[in-house]
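K.L.:
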Amino acid sequence: MARFAPGDRVRTRAANPQGHTRLPRYLCNRTGTIEAVHGIYPLPDERALGMALESCTKEALYTVIFEGGEVWRERAIEPLSVSADLWESYLAAERA
Amino acid sequence: MSDLDDHDHDHGGHEESASMASRVGALVAKLESKGVLSEAELDRAVEVFLEGTGQAGGPALVAHAWVDPAFRARLLANANAALDELGIDMTHWVNVKLRAVENTERVHNIIVCTLCSCYPVALLGPSPTWYKSLPYRSRVVREPRAVLAEFGLKLDPQIEVRVWDSTAELRYVVIPRRPEGTDGLAEADLAALVTRDALIGTAVCAAP
Chain A
1430 MARFAPGDRV RTRAANPQGH TRLPRYLCNR TGTIEAVHGI YPLPDERALG MALESCTKEA
1490 LYTVIFEGGE VWRERAIEPL SVSADLWESY LAAERA
Chain B
15 MSDLDDHDHD HGGHEESASM ASRVGALVAK LESKGVLSEA ELDRAVEVFL EGTGQAGGPA
75 LVAHAWVDPA FRARLLANAN AALDELGIDM THWVNVKLRA VENTERVHNI IVCTLCSCYP
135 VALLGPSPTW YKSLPYRSRV VREPRAVLAE FGLKLDPQIE VRVWDSTAEL RYVVIPRRPE
195 GTDGLAEADL AALVTRDALI GTAVCAAP
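The listed protein sequences derive, respectively, from chains A and B. Just so we're aligned, residue 1430 is where the first sequence starts under our numbering, counting upward by one. Just so we're aligned, residue 15 is where the second sequence starts under our numbering, counting upward by one.
(1) I'd like to know whether the C-beta atoms of B/Cys219 and B/Arg185 end up nearer to each other than 9 angstroms.
(2) Where are the beta strand (DSSP E) runs, 3 residues long or more, that stay fully inside the region 100–149 of chain B, in chain order?
(3) Is B/Arg113 near A/Thr1492, with beta carbons less than 9 angstroms apart?
(4) Can you find a C-beta in chain A that's less than 9 angstroms from the C-beta of B/Arg159?
(5) Can you look up B/Ser16 in the DSSP assignment and give me helix, strand or coil?
(6) Please list, in chain order, all residues of the same chain as B/Leu213 whose beta carbon is under 6 angstroms from its beta carbon, the five residues on each side excluded.
(7) Does B/Ala182 have its Cβ less than 9 angstroms from a Cβ in chain A?
(8) Would you kindly work out how many angstroms separate the C-alpha atoms of A/Leu1515 and A/Asn1445, rounded to a whole number?
(9) DSSP three-state label for B/Pro222, please.
(10) Just to confirm, are B/Glu174 and A/Ser1510 a CB contact at a threshold of 9 angstroms?
(11) Quick one: list the residues of chain A neighbouring B/Thr216, beta-carbon separation under 8 angstroms, in chain order.
(12) Using a beta-carbon distance below 9 angstroms, is B/Ile173 in contact with chain A?
(13) Are the C-beta of B/Asp19 and some C-beta of chain A separated by less than 9 angstroms?
(14) Can you tell me where the alpha helix (DSSP H) holding A/His1467 begins and where it ends?
(15) With a cut-off of 9 angstroms, does the C-beta of B/Leu129 fall near any C-beta of chain A?
(16) For B/Trp178, which residues in chain A fall below 7 angstroms Cβ to Cβ?
(17) Cutting at 7 angstroms between CB atoms, please list the residues of its own chain near B/Glu201, excluding the five before and the five after it.
(18) Which residues does DSSP pair with A/Ser1512 in a beta bridge?
(19) Would you mind telling me which residues of chain A sit closer than 7 angstroms to B/Val155, beta carbon to beta carbon, in chain order?
(20) I'd like the span of the alpha helix (DSSP H) that includes B/Ala160, first residue to last.
(21) In chain order, what residues of the region 1457–1480 of chain A put their CB closer than 7 angstroms to some CB of chain B?
(22) Output, in sequence order along the chain, the residues in the region 1441–1452 of chain A whose CB is closer than 7 angstroms to any CB in chain B.
(23) As a quick exercise: from A/Thr1441, A/Gln1447, A/Ile1469, A/Arg1451, pick the residue whose alpha carbon is nearest that of A/Val1500.
(24) Give me the DSSP bridge partner(s) of B/Arg185.
(25) Which residue marks the beginning of the beta strand (DSSP E) containing B/Val81, and which one marks its end?
(26) Buried or exposed: which applies to B/Leu148, given that a residue is buried once 16 or more other Cβ atoms fall within 10 Å of its Cβ?
(27) Would you list the one or two residues that DSSP bridges to A/Leu1520?
(28) Nearest-angstrom Cα distance between B/Val50 and B/Glu61?
(29) Shorter than 9 angstroms from the beta carbon of B/Lys111 to some beta carbon of chain A?
(30) Short of 8 angstroms in beta carbon distance, which residues of its chain neighbour B/Val208, apart from the five on each side in sequence? Order them along the chain.
(31) Would you call the CB atoms of A/Leu1520 and A/Val1439 closer than 9 angstroms?
(32) Kindly indicate which three-state DSSP category B/Leu213 falls into: helix, strand or coil?
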């Protein structure tokens, strides 16, 4: 089951683990808004280690939208938004 | 992932095509010597890939969305189902979800894959080299207006730029705005106005 719903505020994890992951570094430790929930997908971090599809962790996948100013701070030229498709374990709930 | 997945995990860019060619050659030789793959199998896989992607249904998709508002709404809501309606083949897109994002008076969309080079191959054909280049991938999320200006597209500062970073099992396609003065054009003529770059978001469509 998906933990987040469209409109929820989330914060991405601050640092990436060693190895493959799909949270781009420029989006680490940023707050964004859940825009869409896409269903349950195998975690690519484990797939990249050669784990079989059946034994991989399955997690909800979300489109998360970030405001340009949140991502690039004072260097952002707005209006700008950047979205990424992120697995649930990359995200924590952000209190409004 | 399927054999024909467009997610190639290249993290080094494609700056040196000669070096890339020799690396691919070495890899193929190894696979053949280990009996993993024969030359004939490889040729067949490439053939199937090019046949499947050569149709590049993107322009037809956009033209149909321009003339049929109900189809446009269905496309934005569920792009995979909309492609089925038009008979655009998605069979080698197992587990890949397509999302169409629409340009409006206020919003301009651009697609990128900052982690590697994910691209809606089945819809747009093979991707241009610049799409896979490190400068495009790193700059378009940070300074998209400057990148667009280099493509010759000056956006009104009021227009919001939305960059879609294809980091997972979704592929994006931009639905550009229909140019002014094209009311009388037939659908096939409209499709001819839709360029690959307009579908990526680095260009807009112009009237003939």
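Yeah, the Cβ is synthetic: ideal placement off N, Cα and C, and Gly gets one too.
P.N.:
Checking against the coordinates, here is how it stands:
(1) As a position in the second sequence, residue 219 of chain B is number 205, starting the count at 1. As a position in the second sequence, residue 185 of chain B is number 171, starting the count at 1. Result no, Cβ atoms of B/Cys219 and B/Arg185 do not sit closer than 9 angstroms.
(2) Qualifying beta strand (DSSP E) stretches, in chain order: 111–116, 121–126.
(3) As a working note, residue 113 of chain B is residue 99 in the second sequence. As a working note, residue 1492 of chain A is residue 63 in the first sequence. Closer than 9 angstroms, so yes.
(4) As a position in the second sequence, residue 159 of chain B is number 145, starting the count at 1. Yes - at least one Cβ of chain A is within 9 angstroms of the one on B/Arg159.
(5) Start at 1 with the first residue of the second sequence, and residue 16 of chain B comes out as number 2. Only weak support is given to the placement of B/Ser16: the predicted model assigns it a pLDDT of 38, under 50, and the question is left unresolved by the model.
(6) On the second sequence, residue 213 of chain B is found 199 positions in, with the first residue counted as 1. Annotation for B/Leu213: Gly72, Leu138, Val187, Val188 place their beta carbon closer than 6 angstroms to its own, counting only its chain and skipping 5 residues before and after.
(7) Looking up residue 182 of chain B in the second sequence gives position 168. It does; some Cβ of chain A falls within 9 angstroms.
(8) In the first sequence, residue 1515 of chain A corresponds to position 86, counting from 1. In the first sequence, residue 1445 of chain A corresponds to position 16, counting from 1. The alpha-carbon of A/Leu1515 is positioned some 13 angstroms away from that of A/Asn1445.
(9) As a first step, residue 222 of chain B must be located in the second sequence, where it is residue number 208. Coil, per DSSP.
(10) Here the question's residue 174 of chain B lines up with position 160 in the second sequence. Here the question's residue 1510 of chain A lines up with position 81 in the first sequence. At the C-beta level, B/Glu174 and A/Ser1510 come within 9 angstroms of one another.
(11) Translated into the one-based positions of the second sequence, residue 216 of chain B becomes position 202. The premise fails here: B/Thr216 is roughly 16 angstroms from chain A at the closest Cβ pair, so nothing lies under 8 angstroms.
(12) On the second sequence, position 159 is the one that residue 173 of chain B refers to. Yes, B/Ile173 counts as interfacial toward chain A.
(13) Taking the first residue of the second sequence as 1, we reach residue 19 of chain B at position 5. Unreliable positioning characterises B/Asp19 in this predicted model, as indicated by a pLDDT of 42, which lies under 50. The coordinate reading is nonetheless provided below. No, B/Asp19 lies away from the interface with chain A (no Cβ there is under 9 angstroms from its Cβ).
(14) Here residue 1467 of chain A is taken as the residue at index 38 of the first sequence, counted from 1. Membership of A/His1467 in any alpha helix (DSSP H) is not indicated; the residue belongs instead to the beta strand (DSSP E) covering 1460–1471.
(15) Taking the second sequence and counting its residues from 1, the one referred to as residue 129 of chain B is at position 115. Contact with chain A is found for B/Leu129, since one of that chain's Cβ atoms lies less than 9 angstroms from the residue's Cβ.
(16) In the second sequence, residue 178 of chain B corresponds to position 164, counting from 1. The answer, in chain order, is Ser1512.
(17) For the purposes of this step, residue 201 of chain B is taken as the residue at position 187 of the second sequence. For B/Glu201, same chain residues with a beta-carbon under 7 angstroms away, outside a window of 5 residues either side, are Ala77, His78, Val81 in chain order.
(18) By 1-based counting over the first sequence, the position of residue 1512 of chain A is 83. A/Ser1512 is bridged to A/Ile1494, B/Trp178.
(19) Along the second sequence, read from residue 1 onward, the residue named residue 155 of chain B stands at position 141. Scanning chain A for C-beta atoms nearer than 7 angstroms to the C-beta of B/Val155 yields Tyr1455, Val1511, reported in chain order.
(20) Start at 1 with the first residue of the second sequence, and residue 160 of chain B comes out as number 146. Note, B/Ala160: alpha helix (DSSP H), 158–164.
(21) Answer in chain order: His1467, Tyr1470.
(22) Considering only beta carbons, the part of the region 1441–1452 of chain A lying closer than 7 angstroms to chain B consists of Arg1451, in chain order.
(23) To locate residue 1500 of chain A, count along the first sequence from 1; it is residue 71. Distances from the CA of A/Val1500 to each of A/Thr1441, A/Gln1447, A/Ile1469, A/Arg1451 were compared; the closest alpha carbon is that of A/Thr1441.
(24) Against the second sequence, residue 185 of chain B aligns to sequence position 171. According to DSSP, B/Arg185 bridges with B/Leu112.
(25) In the second sequence, residue 81 of chain B corresponds to position 67, counting from 1. Looking at the DSSP string, B/Val81 is not in any beta strand (DSSP E); the run it does join, the alpha helix (DSSP H), is 72–81.
(26) Residue mapping note: residue 148 of chain B aligns to position 134 of the second sequence, counting from 1. With fewer than 16 other Cβ atoms within 10 Å, it is exposed.
(27) Along the first sequence, read from residue 1 onward, the residue named residue 1520 of chain A stands at position 91. A/Leu1520 is bridged by DSSP to A/Thr1441.
(28) Within the second sequence, residue 50 of chain B is the residue found at index 36, counting from 1. Within the second sequence, residue 61 of chain B is the residue found at index 47, counting from 1. When the Cα atoms are used, B/Val50 and B/Glu61 turn out to be separated by approximately 19 angstroms.
(29) Walking along the second sequence from the start, residue 111 of chain B turns up at place 97. At a cut-off of 9 angstroms between C-beta atoms, B/Lys111 counts as an interface residue with respect to chain A.
(30) The residue labelled residue 208 of chain B in the question sits at position 194 within the second sequence. Cβ within range, chain order: Gly72, Pro73, Val76, Ala77, Pro190, Cys219.
(31) Locating residue 1520 of chain A in the first sequence gives position 91, where the first residue counts as 1. Locating residue 1439 of chain A in the first sequence gives position 10, where the first residue counts as 1. Using a Cβ distance threshold of 9 angstroms, A/Leu1520 and A/Val1439 count as a contacting pair.
(32) As a first step, residue 213 of chain B is located in the second sequence; it is residue number 199 there, counting from the start. B/Leu213 carries a helical assignment under DSSP once its states are collapsed to helix, strand and coil.
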